[in-house]
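Residue numbers (this note's numbering), protein chains in the order written: chain X, 137 to 480; chain S, 21 to 315; chain U, 202 to 433.
We put the beta carbon where it would ideally sit given N, CA and C, even for glycine.
Take a look at the structure set out below.
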Amino acid sequence: MSNAKAATFEVHRATRASRAGGLAILSSIAFLATMPLWAEAGTLREIDEIACYLIYAMMWNLLAGYGGMVSIGQQAFLGLGGYALLVMGNFAGVNPFVAVPLAAFFTAICAIPVAQIAFRLQGGTFAIGTWVIAEVFRLSIANWSAVGGGSGTSLTALRGIEKATRIHVTFWLCLAAAVVAVGATYLILRSRQGLALLAIRDSEVAAESQGIHVRKTKLGVYVAAAFGAGLAGALYFLGNLRISPDAAFTVNWSAFGIFIVMIGGIGTIEGPIIGALVFYLLNKVASDFGTWYLVGLGVLAIAVTIRFPRGLWGGFSRRFDVHFFPVQRRLVLPPDETGGSFHA
Amino acid sequence: MVGTLSWISTIVQGVLLGGLYALFAMSQSLIFGVMRLTNTAHGDFIILAAFAVFSVAVAIGLPPAAAPWLALILMLPIAFGAGYGLQRLVLNRVVGRDPLPSLVVTFGLAIVIENLLQEIYTADPRSIESGGLNVASLSIAAGLSIGTLPLLTFAIAVGIAAGMQWLSGRTALGRAFRAVSDDRDAAQLMGLDHRHVYALATGIAFMLVAIAGALHGLKTTFAPADGPALLLYGFEAVIIGGMGSFYGTLLGGIILGVTQVIGFRFDPGWGIWLGHIVFLGMLLLRPTGFFAKTR
Amino acid sequence: MTLLATRQLESYYGDFQVLFGVDFDIAAGEVVALIGANGAGKSTFLKTICGVLGARRDAVTLEGQPVGGLPPVEIVRRGIAMVPEGRRLFSSLSAEENLLMGACARREGPWTLDAIYRLFPLLAEKRRAPAATLSGGQQQMVAIGRALMSNPRLLLCDELSLGLAPIVVKQIYDALPAICDGGMTAVIVEQDVATAQRVSSRLYCLQEGRVTLTGASRVLTREQISQAYFGV
Numbered sequence: 137m138s139n140a141k142a143a144t145f146e147v148h149r150a151t152r153a154s155r156a157g158g159l160a161i162l163s164s165i166a167f168l169a170t171m172p173l174w175a176e177a178g179t180l181r182e183i184d185e186i187a188c189y190l191i192y193a194m195m196w197n198l199l200a201g202y203g204g205m206v207s208i209g210q211q212a213f214l215g216l217g218g219y220a221l222l223v224m225g226n227f228a229g230v231n232p233f234v235a236v237p238l239a240a241f242f243t244a245i246c247a248i249p250v251a252q253i254a255f256r257l258q259g260g261t262f263a264i265g266t267w268v269i270a271e272v273f274r275l276s277i278a279n280w281s282a283v284g285g286g287s288g289t290s291l292t293a294l295r296g297i298e299k300a301t302r303i304h305v306t307f308w309l310c311l312a313a314a315v316v317a318v319g320a321t322y323l324i325l326r327s328r329q330g331l332a333l334l335a336i337r338d339s340e341v342a343a344e345s346q347g348i349h350v351r352k353t354k355l356g357v358y359v360a361a362a363f364g365a366g367l368a369g370a371l372y373f374l375g376n377l378r379i380s381p382d383a384a385f386t387v388n389w390s391a392f393g394i395f396i397v398m399i400g401g402i403g404t405i406e407g408p409i410i411g412a413l414v415f416y417l418l419n420k421v422a423s424d425f426g427t428w429y430l431v432g433l434g435v436l437a438i439a440v441t442i443r444f445p446r447g448l449w450g451g452f453s454r455r456f457d458v459h460f461f462p463v464q465r466r467l468v469l470p471p472d473e474t475g476g477s478f479h480a
Numbered sequence: 021m022v023g024t025l026s027w028i029s030t031i032v033q034g035v036l037l038g039g040l041y042a043l044f045a046m047s048q049s050l051i052f053g054v055m056r057l058t059n060t061a062h063g064d065f066i067i068l069a070a071f072a073v074f075s076v077a078v079a080i081g082l083p084p085a086a087a088p089w090l091a092l093i094l095m096l097p098i099a100f101g102a103g104y105g106l107q108r109l110v111l112n113r114v115v116g117r118d119p120l121p122s123l124v125v126t127f128g129l130a131i132v133i134e135n136l137l138q139e140i141y142t143a144d145p146r147s148i149e150s151g152g153l154n155v156a157s158l159s160i161a162a163g164l165s166i167g168t169l170p171l172l173t174f175a176i177a178v179g180i181a182a183g184m185q186w187l188s189g190r191t192a193l194g195r196a197f198r199a200v201s202d203d204r205d206a207a208q209l210m211g212l213d214h215r216h217v218y219a220l221a222t223g224i225a226f227m228l229v230a231i232a233g234a235l236h237g238l239k240t241t242f243a244p245a246d247g248p249a250l251l252l253y254g255f256e257a258v259i260i261g262g263m264g265s266f267y268g269t270l271l272g273g274i275i276l277g278v279t280q281v282i283g284f285r286f287d288p289g290w291g292i293w294l295g296h297i298v299f300l301g302m303l304l305l306r307p308t309g310f311f312a313k314t315r
Numbered sequence: 202m203t204l205l206a207t208r209q210l211e212s213y214y215g216d217f218q219v220l221f222g223v224d225f226d227i228a229a230g231e232v233v234a235l236i237g238a239n240g241a242g243k244s245t246f247l248k249t250i251c252g253v254l255g256a257r258r259d260a261v262t263l264e265g266q267p268v269g270g271l272p273p274v275e276i277v278r279r280g281i282a283m284v285p286e287g288r289r290l291f292s293s294l295s296a297e298e299n300l301l302m303g304a305c306a307r308r309e310g311p312w313t314l315d316a317i318y319r320l321f322p323l324l325a326e327k328r329r330a331p332a333a334t335l336s337g338g339q340q341q342m343v344a345i346g347r348a349l350m351s352n353p354r355l356l357l358c359d360e361l362s363l364g365l366a367p368i369v370v371k372q373i374y375d376a377l378p379a380i381c382d383g384g385m386t387a388v389i390v391e392q393d394v395a396t397a398q399r400v401s402s403r404l405y406c407l408q409e410g411r412v413t414l415t416g417a418s419r420v421l422t423r424e425q426i427s428q429a430y431f432g433v
């Protein structure tokens, strides 16, 4: 029994939850934007930091969850962004706020030759290889006395700016960057490139045979992730006023980024946002416990990953089919014998 | 002639250092070869072993010439048990095609180990009392002397490479390792329980880790945060030498050691950096390493 | 005496059902063939018996004992060995090492390395050759030998002829009587119906996961088999 009439189907994206979620997010952004007018400097700095972690984690998620490239060396680009800001601000006399996106672009360009080396490795060896590359960056900078060598230096370019202005502009930049990072990731994944990414993640060979340029697409994702990491680094050290190789290139960035994504859920956009919030709360509550806090984080990451290999939110959203950022496509068939709908 | 002699001395130093790096790497090579698992906590386990040998040696109370060796011998069965247990209880759940879960779990382990060590021992560097062994040297030619401990370490590394090669190629266990690595499902059809085989591999690997940790701790000071560096050296030795071959790992370690020592000669800050650069260069030129057997 | 029996056996790949209530039995010493088109479920059937795929405990019985769903390690220990589809040799092991792997289950019996080399003299010359360098026919011999090394009571052969030239297939199947001489029971999954009929005493035909025909191999006509194979 074949279906005689031409099957008409529609591709839907939005869900009820996503419409509600969208409204909630827009109002949150508006609320946050007003904060410099009434919140304390300390609180603003905290949110700056969380925004940087969020951007970093979102980029890591794009790279690993969608691009299938698990990296523990993204801190190379984060630190590079920070140092690019330093050099542009301190030595080239560029306005530090303008230098932030410039530093991100510079980092993205640097990612292209780095990718040539990194892409020689696969899977687990790729991950550690990226760490080695980050170490090369760290050691190279630590040996460069002009930028303070191993002990780092201060962002003197910010000295001329009035304190309140500096804090407010930094905050709005961080907020804007976070919105852009999330928004851009969302748009990429909704686009054709996003579909290509999913195909590559599932099977490179099959994707290649369908005409997808696997290498180019992967490079694109890698560069985009580097841009985001560089942006996060520039913003972080803009607010920190001081940079050192150990702070800029520490593998802790990757550790926290991975933690945020795994708690939140890899391969989703809600995941890193939720993870960043959880991380922020955990930090506030427990960081006084120092090493025990970190032990707890480690154990939590282990337990979550064993039980939910794709992260907590991933497990939740799959179970209850809740998606705030609908990147999947629902294929809705006309109501006939087949009935129902399914989505990828 | 002083110049040449000093260069020879440098290179010999590098070769012997390579023996230690090869020791770091052999256990990685074994685990990666058998189950394709990347263990980012590897270096931290070596440091953990160093601290364990340190504490046991102190507790034994014998003179420093003997204590650490006895401590190591006592540690070996414990290390095997720990590795076997860790694999069966935790790591077996994350072995698979997707590298992410094993990376995250071992990352978590690394953080746990580093911070627990910090709690127990503080961040101060320690060193295992060697009774002078770490500064003893042998004179092998006019004006050329080499450290006794590095020589001993190198000899142990060669011995272990030979032993592991023998294990892999000539024993039933080695066969099981290779079979499970080739085709885990077909191995199951033969009656091999891969969970047990993996755990045996990790158990043996942990014994190698204990030996590496002890020798490292005798040679230099160590602190809880030192793990990652050792992971990277071991990893580089494996990649340079080619995965799946223990002699290859030895050669990889030697190349890395020599490179680092040459780098140090020019400027202390550039030693490790040069090692990383040579590694990355290897990736560009020969991504499969010199002796690669495993893909 | 029935050695192996399945009752209403169902099997799934994830949510996708492949076998729909298959009834099958084989007596000790019999050679039974299983034929059917691609995707009919023949390989799935064998995989379910040897524990690679799950099943209800009582759906599969070995000498009356329920063994459905037990892990492959257990099944091999109880004397069921599989010659997998596509050989699945260990590529970094030599021919002889592959054979030795078969002995992991440590069951007592007549099949030793020497016995395998007597069965397949060609292999004796190639014992040290890496498995990946062997020809298709030689690989098939190793795969069979490897299964025999576990001294099974029941041998499951999945598509022995896959990818082999007809003359080589004949060589392989000519060895079958020697294998079964000692009382070995065998289930032969085959795409080639003529060969299946020739080497077996009874056969089953599967179509889309169901048994559509069963009977004595010599008696069934081509017409009957065609109908059962393709379904109309």
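Using a Cβ-Cβ cut-off of 9 Å, S/L294 does not count as an interface residue toward chain U, since no Cβ of chain U sits closer than that to its own.
In the displayed model, S/R108 falls within a helix according to three-state DSSP.
Within the segment 300-324 of chain U, the residues whose Cβ lies closer than 7 Å to some Cβ of chain S are L301, M302, G303, C305, A306, listed in chain order. Interface residue (Cβ-Cβ distance to chain U less than 9 Å): S/L57 is not classified as such.
In the structure shown, U/P311 falls within a coil segment according to DSSP collapsed to helix, strand and coil.
For the pair U/S402 and U/E231, the CB atoms are nearer than the 9 Å cut-off. Residue pairing of X/I379 in beta bridges, as defined by DSSP: X/T289.
With its beta carbon less than 9 Å from one in chain U, S/S201 belongs to the interface. For a cut-off of 8 Å, the C-beta gap from X/L333 to X/G434 is around 30 Å, too long to register as a contact. A check of alpha carbon separations from S/V200 across S/V115, S/N59, S/V178, S/F286 identifies S/V115 as the nearest. Remark: C-beta atoms of S/V125 and X/I442 approach each other more closely than 9 Å. Its chain contains G252 as the residues whose beta carbon lies nearer than 7 Å to that of U/L271, once the 5 sequence neighbours on both sides are disregarded; these appear in chain order.
Interface residue (Cβ-Cβ distance to chain X less than 9 Å): S/L251 is classified as such.
DSSP places U/C251 outside both helix and strand once states are collapsed to three, so it counts as coil.
Taking 9 Å as the CB threshold, U/C381 stays off the interface with chain S. For S/S188, the enclosing alpha helix (DSSP H) has its first and last residue at 168-190. By the C-beta criterion, the segment 382-391 of chain U is judged to be in contact with the segment 351-363 of chain U, since at least 3 inter-stretch pairs fall below 8 Å. Ranking S/L68, S/Q107, S/I260, S/M302 by CA distance to the CA of S/A234 puts S/L68 first.
Sequence-ordered contacts of the segment 204-233 of chain S with chain U read D205, A206, A207, Q208, L209, M210, G211, L212, D213 [C-beta pairs closer than 8 Å].
Non-local C-beta neighbours of X/C188 in its own chain, meaning closer than 6 Å and more than five positions away in sequence, comprise A368, L371, Y372, ordered along the chain.
What S/R198 touches in chain U, judged by beta-carbon distance under 7 Å, is F291, S293, L294, going in chain order.
Residue contact check for U/R329 against chain S: no CB pair falls below 9 Å. DSSP, read as helix, strand or coil, puts X/V387 in coil. Pairwise C-beta distances place the segment 242-261 of chain S out of contact with the segment 96-105 of chain S, as fewer than three of them are shorter than 8 Å.
Comparing alpha carbon positions, the residue from X/I409, X/R155, X/L436, X/A156 closest to X/V315 is X/I409. The C-beta of U/M385 comes no closer than 9 Å to any C-beta of chain S. Neighbours of S/P248 in chain X, taken as residues whose beta carbon is under 9 Å from its own, are W267, E271, V387 in chain order. The beta carbon of U/A228 is closer than 8 Å to those of M202, T203, L204, T386 in its chain, skipping five residues each way along the sequence. If you draw a straight line from the Cα of X/T427 to the Cα of S/A70, it comes to about 20 Å.
Your pair X/A422 and X/Y416 does not check out as a contact, with CB atoms roughly 11 Å apart and the cut at 8 Å.
In the DSSP assignment, U/G416 is bridged to U/L404. Taking 9 Å as the cut-off, the beta carbon of U/Q428 is found closer than this to the beta carbon of U/L414.
Sequence-distant Cβ neighbours of X/V206 in its own chain, meaning closer than 6 Å and more than five residues away, are A200, A263. Annotation: the continuous alpha helix (DSSP H) that includes U/E297 extends over 296-303. In this structure, S/F127 keeps its C-beta atom at 9 Å or more from the C-beta atom of S/A225. Runs of the alpha helix (DSSP H) lying entirely within the segment 174-221 of chain X and spanning at least 4 residues, in chain order: 177-197.
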